[in-house]
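Trainee: Residue numbers (the UniProt record's numbering): 1 to 297. Where a beta carbon is used, it is the ideal one built from N, C-alpha and C, also for glycine. Bear in mind that the values here come from a model prediction, so they are computed numbers and not experimental data. Below you will find the structure I want to go over with you.
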């Protein structure tokens, strides 16, 4: 998920004047004979009103990110989604605070944020809104959104191990490639473009293609037939599997230089699949991608 500071929010940047409410509350406080009661607070979840918004949200957000959850009591979104937010706030253990706002009891806050439907969730960092959404997100997407908010606030986020990935990795380690493939595909259906799952799925393909192959014999056959496409692709697979990824990339880039048409496209796709095995952050992949671009263009 992208950094909230780098993406467009569902509300217009700068359109929410958080200071206006503070000024209005200050004027009201001067007229009031008794101060408004403080909203009940908890360790990681607080209930916010118009009277406490300045202290509980704006001031608090100067030291810790505050996530505003606007709700309507007894509504289905509130009953289904708010408990998940509260659970994640508890897991966050103080890295961020969940501030709940009853829309019906605090209409000025709802009007200020131009709320038209719920759920409506806004992240406040450093006294300013940085991102928001107005739909019920699946838990994995919600966790990614919160992580992005924390990163926007300069908080280092420790990524917990995904039990789905652990199960898929275990299946691959046990040699159950069918189960591993199904597990990785399920993750990608729930979290598209998950780089780790994509890598795992590519590894399953690599293991299937090299199953039962004699590495020495494969490399000898490839040396004897430098323009045999299947022999070269299998040799590249063996090299990746035996820790010689650089050799595999060079082999296929050179083969791309010597081929054209459908053969070239077959080799290119195979090379990209080997890039996926390593992952996008591998320095060798970055170098090989530059070589690939040079070979193609």
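Determine, using beta carbons only, whether residue 291 and residue 275 come nearer to each other than 8 Å.
Mentor: The residue given as residue 291 occupies position 291 in the chain shown. The residue given as residue 275 occupies position 275 in the chain shown. Their beta carbons are not under 8 Å apart, which means residue 291 does not touch residue 275 by this criterion.
Trainee: Whose C-beta lies closer than 7 Å to the C-beta of residue 202 among residues of the same chain, with five residues either side of it excluded?
Mentor: Along the chain shown, one-based indexing puts residue 202 at 202. 273, 276, 277.
Trainee: For residue 128, which residues does DSSP report across the bridge?
Mentor: Working through the chain shown from its first residue, we reach residue 128 at position 128. DSSP lists 125 as partners of residue 128.
Trainee: Near residue 78, what residues of its chain come up, given a Cβ to Cβ distance below 8 Å and the 5 sequence neighbours on each side ignored?
Mentor: Working through the chain shown from its first residue, we reach residue 78 at position 78. Cβ within range, chain order: 71, 72, 118, 119.
Trainee: Could you name the residues that DSSP lists as bridge partners for residue 133?
Mentor: Translated into the one-based positions of the chain shown, residue 133 becomes position 133. Its beta-bridge partners are 121.
Trainee: Kindly identify the DSSP beta-bridge partner or partners of residue 71.
Mentor: Within the chain shown, residue 71 is the residue found at index 71, counting from 1. The bridge partners DSSP lists for residue 71 are 102.
Trainee: Report yes if the CB atom of residue 234 is closer than 8 Å to the CB atom of residue 209, and no otherwise.
Mentor: By 1-based counting over the chain shown, the position of residue 234 is 234. By 1-based counting over the chain shown, the position of residue 209 is 209. Going by C-beta atoms, residue 234 is nearer than 8 Å to residue 209.
Trainee: Helix, strand or coil for residue 45, going by three-state DSSP, please let me know.
Mentor: Taking the chain shown and counting its residues from 1, one reaches residue 45 at position 45. Correct three-state label for residue 45: strand.
Trainee: Buried or exposed for residue 286, going by 16 or more other Cβ atoms inside 10 Å?
Mentor: Indexing the chain shown from 1 puts residue 286 at position 286. That one is exposed.
Trainee: Have a look at the DSSP bridge pairing and note the partners of residue 253.
Mentor: By 1-based counting over the chain shown, the position of residue 253 is 253. For residue 253, which the question treats as bridged, DSSP gives no partner whatsoever.
Trainee: Would you call the CB atoms of residue 125 and residue 152 closer than 8 Å?
Mentor: Against the chain shown, residue 125 aligns to sequence position 125. Against the chain shown, residue 152 aligns to sequence position 152. Contact flag set, yes.
Trainee: Would you call the segment 78–93 and the segment 47–54 in contact, with 3 or more CB pairs under 8 Å?
Mentor: No contact exists between the segment 78–93 and the segment 47–54.
Trainee: Is it buried or exposed, residue 172, if we count other Cβ atoms within 10 angstroms and call 16 or more buried?
Mentor: Here residue 172 corresponds to residue number 172 of the chain shown, with the count starting at 1. The residue is buried, with at least 16 neighbouring Cβ atoms inside 10 Å.
Trainee: Could you compute how far the alpha carbon of residue 219 sits from the alpha carbon of residue 293?
Mentor: By 1-based counting over the chain shown, the position of residue 219 is 219. By 1-based counting over the chain shown, the position of residue 293 is 293. Their backbone Cα atoms lie some 26 Å apart in a straight line.
Trainee: How about the segment 96–114 and the segment 49–58: do they share at least three Cβ pairs that are nearer than 8 Å?
Mentor: yes
Trainee: If you follow the alpha helix (DSSP H) that residue 149 is in, where does it begin and where does it stop?
Mentor: Position 149 of the chain shown holds residue 149. Where residue 149 is concerned, the enclosing alpha helix (DSSP H) stretches over 139–152.
Trainee: Can you tell me whether residue 261 is buried or exposed, with buried defined as 16 or more other CB within 10 angstroms of its CB?
Mentor: The sequence position of residue 261 within the chain shown is 261, counting from 1. Within 10 angstroms of the beta-carbon of residue 261 lie fewer than 16 other beta-carbons, which makes it exposed.
Trainee: Determine the DSSP secondary structure at residue 64, reduced to helix, strand or coil.
Mentor: As a first step, residue 64 must be located in the chain shown, where it is residue number 64. Here residue 64 sits in coil by DSSP.
Trainee: Quick check on this structure: which residue in 156, 259, 140 has the alpha carbon closest to the alpha carbon of residue 191?
Mentor: As a first step, residue 191 must be located in the chain shown, where it is residue number 191. Checking every option, the nearest Cα to that of residue 191 belongs to 140.
Trainee: Relative to the alpha-carbon of residue 127, which residue among 167, 63, 92, 165 has its alpha-carbon at the smallest distance?
Mentor: For this step, residue 127 is matched to residue 127 along the chain shown. Looking at the Cα atoms, 63 is the closest of the given residues.
Trainee: Indicate the three-state DSSP secondary structure (helix, strand or coil) for residue 344 in the structure shown.
Mentor: In the structure displayed, the chain extends from 1 to 297; residue 344 sits before or after that span and is not available.
Trainee: Roughly how many angstroms lie between the CA atoms of residue 250 and residue 65, to the nearest whole one?
Mentor: The residue you call residue 250 lines up with position 250 of the chain shown. The residue you call residue 65 lines up with position 65 of the chain shown. Cα to Cα, the separation comes out at about 47 Å.
Trainee: With a cut-off of 8 Å on the beta carbons, I'd call residue 142 and residue 88 a contact; round off their distance for me.
Mentor: Within the chain shown, residue 142 is the residue found at index 142, counting from 1. Within the chain shown, residue 88 is the residue found at index 88, counting from 1. That pair is a contact at about 7 Å.
Trainee: Span of the alpha helix (DSSP H) holding residue 57?
Mentor: As a first step, residue 57 must be located in the chain shown, where it is residue number 57. From DSSP, residue 57 is part of no alpha helix (DSSP H); its letter is neither H nor E.
Trainee: The alpha helix (DSSP H) spanning residue 215 covers which residue range?
Mentor: Stepping through the chain shown from its first residue, residue 215 is reached at position 215. Residue 215 -> alpha helix (DSSP H) spans 215–224.
Trainee: In terms of residues, what are the limits of the alpha helix (DSSP H) holding residue 265?
Mentor: Counted from its first residue, the chain shown places residue 265 at position 265. That run of the alpha helix (DSSP H) goes 261–278.
Trainee: Using the C-alpha atoms, what's the distance from residue 207 back to residue 298?
Mentor: Missing from the structure shown is residue 298; the chain here goes from 1 to 297 and no further.
Trainee: Helix or strand or just coil, what does DSSP make of residue 93?
Mentor: Indexing the chain shown from 1 puts residue 93 at position 93. The answer is coil: DSSP assigns residue 93 none of H, G, I, E or B.
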